[in-house]
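Residue numbers (the numbering used here): 41 to 419.
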Ligand SMILES: [Zn+2]
Ligand SMILES: [Zn+2]
């Protein structure tokens, strides 16, 4: 066939593709959604299904994870949440794309996606240098900022809107249960990224074998860490960390973690201590186990101000890094690791609740009934 012939054929095919309307699932006018009506008062009601604006995508939620931040939101101790009676929380959701707003062609209807919670405004000083989780318009939806389930409606609902920049397409081998944990894995990966990233051969201490800690154990292992010391209070979680690649597990109910890590490192300490626990006494333990010239990475929130020996940090030439959430495109890296079978999330999902039982799910999480690790809500 001639060059011209090929061009015509290709053009015809493209025209046919562009003319084919995407298969659209009928989207109802209303949906079931959990709405926060006051501190400790969350109920399932019917709400209008939102319609995607320019750059936005409507996703049918497959499941939404819960975490400690949801309890703070539930109790009314979280800044910048929308008013009571008009706010659906949930920031660790995954699902299937059902409608696209104007200009969106990065994902298609039918794609399975997971998320970053944050979409920066794209116009402030921090967004311009890629630090969108530190957006200077945080919480200001009129400027385009969105933190799903925190400052805008989230995934404890049948449908949720998100900006396309914070969605990540998943290959078929990544399950929705894995995907809920990929947002969490992005938190650890972003922290490591901010703290220098290159951890091959480093000894690492991870405090707090919750979901962030357990995903970070796997990330450190895959990034070639030397020895990983995992510190916590609950045996079941520590043992899971061991299955995920922790070389030594240290139960603080049985021994002093500082003495244990000092002994295991011959008195030198670790290259990087990662604080994922949110317990007020662990930052000081991080100071005591980090070697001279080492790094401390803090990715947790605390219920009250924390005390630590800052002079020891300075004397030891230790650098402290903090990061919030899962920026730097690190959820995309998490999806890649999961697609390669090198990041396991589904094993952390211990409990599932239907949307109407969300208050019960929060009770189970708070009271640790049945030792939950990750509780998911299925709308
Ligand atoms: Zn969370
Ligand atoms: Zn911004």
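All residues carry an ideal CB built from backbone N, CA and C; glycine is no exception.
The model shown is predicted, which means the values in this text are computed figures rather than measured ones.
query	result
In the DSSP output, which residue or residues are listed as bridge partners for residue 100?	136, 199
Drop a sphere of 10 angstroms on the beta-carbon of residue 84, count the other beta-carbons inside from all chains shown, and report buried for 16 or more, exposed for fewer.	buried
Can the beta-carbon of residue 331 be found less than 7 Å from the beta-carbon of residue 309?	yes
Does residue 293 pass the burial test, meaning 16 or more other C-beta atoms within 10 Å, or should it be called exposed?	exposed
Around ligand 1, which residues pass a check of Cβ closer than 5 Å to any of its heavy atoms?	107, 109
Look at the alpha carbon of residue 154 and the alpha carbon of residue 417, and state the distance between them as a whole number of angstroms.	15 Å
Residue 206 and residue 156: beta carbons closer than 7 Å?	yes
Taking C-beta to C-beta, are residue 375 and residue 255 nearer than 7 Å?	no
Taking 6 Å as the cut-off, is the C-beta of residue 95 nearer than that to any heavy atom in ligand 2?	no
Applying the criterion that 16 or more other CB atoms from any shown protein chain within 10 Å of the CB defines a buried residue, is residue 400 buried or exposed?	exposed
By Cβ distance, which residues of its chain are closer than 8 Å to residue 379, with the 5 residues on each side in sequence left out?	210, 211, 213, 214
CA-CA distance, residue 186 and residue 304?	44 Å
In angstroms, rounded to a whole number, what distance separates the CA positions of residue 238 and residue 73?	42 Å
Across which residues does DSSP place residue 71 in a beta bridge pair?	87
Ligand 2 and residue 164: does any heavy atom of the ligand fall closer than 6 Å to the residue's C-beta?	yes
Classify residue 98 as buried or exposed, calling it buried when 16 or more other Cβ atoms lie within 10 Å of its own Cβ.	buried
Determine the contact status of residue 367 and residue 341, defining contact as a CB-CB distance below 7 Å.	no
Hey, how far is the Cα of residue 289 from the Cα of residue 320?	20 Å
So, are the CB atoms of residue 203 and residue 159 less than 7 Å apart?	yes
Would you call the CB atoms of residue 228 and residue 259 closer than 7 Å?	yes
Could you check if residue 288 belongs to the surroundings of ligand 2, using beta carbon to heavy atom distance under 6 Å?	no
Any idea if residue 142 is buried or exposed, counting beta-carbon neighbours within 10 angstroms, 16 or more meaning buried?	exposed
So does residue 365 have its beta carbon nearer than 6 Å to some heavy atom of ligand 2?	no
Below 6 Å CB to CB, which residues in the same chain sit around residue 402 once its five sequence neighbours on both sides are set aside?	114
Determine the extent of the alpha helix (DSSP H) in which residue 406 is found, giving its start and end residues.	398 to 407
Just checking residue 160 against ligand 2 - is the residue's beta carbon closer than 6 Å to any of the ligand's heavy atoms?	yes
Below 7 Å CB to CB, which residues in the same chain sit around residue 268 once its five sequence neighbours on both sides are set aside?	244, 246, 257, 260, 261, 285, 286, 287
Below 8 Å on the Cβ atoms is my guess for residue 103 versus residue 216; work out the distance and round it to an integer in Å.	6 Å
Under the rule that 16 or more other beta-carbon atoms within 10 Å means buried, what is residue 127, buried or exposed?	buried
Can you tell me which of the three DSSP states residue 418 falls into?	strand
When the Cα atoms are used, what is the spatial distance from residue 359 to residue 409?	38 Å
Is it buried or exposed, residue 223, if we count other Cβ atoms within 10 angstroms and call 16 or more buried?	buried
Return yes when the C-beta of residue 295 is under 6 Å from any heavy atom of ligand 2, and no when it is not.	no
What is the residue span of the alpha helix (DSSP H) that residue 323 lies within?	322 to 329
Looking at C-alpha atoms only, which residue of 166, 189, 100 is the closest neighbour of residue 120?	189
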